[in-house]
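Residue numbers for the sequence shown follow full-length UniProt numbering, so the first one is 1 and each next one is one higher.
Here a beta-carbon is modelled for each residue, glycine too, at the ideal position from N, C-alpha and C.
Here is the structure we will look at, set down as structure tokens.
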Amino acid sequence: MFYLWTGSSSQACCSKEDDTIIFSNGNKASLQLILKTLESYENVSGQLINKNKSSYSLAPKAPQRTIRRIGRILDMEFENLPLKYLGFPIYFGRKTQDIFLI
Numbered sequence: 001m002f003y004l005w006t007g008s009s010s011q012a013c014c015s016k017e018d019d020t021i022i023f024s025n026g027n028k029a030s031l032q033l034i035l036k037t038l039e040s041y042e043n044v045s046g047q048l049i050n051k052n053k054s055s056y057s058l059a060p061k062a063p064q065r066t067i068r069r070i071g072r073i074l075d076m077e078f079e080n081l082p083l084k085y086l087g088f089p090i091y092f093g094r095k096t097q098d099i100f101l102i
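Below you can see the structure in the form of structure tokens.
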């Protein structure tokens, strides 16, 4: 989960196979809508989302209170950037060579 800057669209989604990245502006209503959508998916598909294998990420300078608030709402673990998604680095800020070493 990524915390988008103020004024950005509230949600976006990117998925392939059994992995999904959901982008959000991080406000409570948006996060609750994401949880409701995931719950609807579980009900319709019969598949359960494993929150122990799910995480969210924020910009490196995100305040600790924001990290904790989002964690409480989503009931998921925080994961620092950069991370890999389908073999590609997901990062915040300028591209540097070390991004591609993860």
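- For I70, the enclosing alpha helix (DSSP H) begins and ends at 64 to 74.
- For I22, the enclosing beta strand (DSSP E) stretches over residues 19 to 24.
- In this structure, DSSP gives K61 a state outside helix and strand, which the three-state scheme calls coil.
- DSSP places S30 within a helical segment (H, G or I) once states are collapsed to three.
- For K51, same chain residues with a beta-carbon under 7 Å away, outside a window of 5 residues either side, are D75, M76 in chain order.
- Contact annotation: P60 and F23 have beta-carbon atoms that are not nearer than 8 Å.
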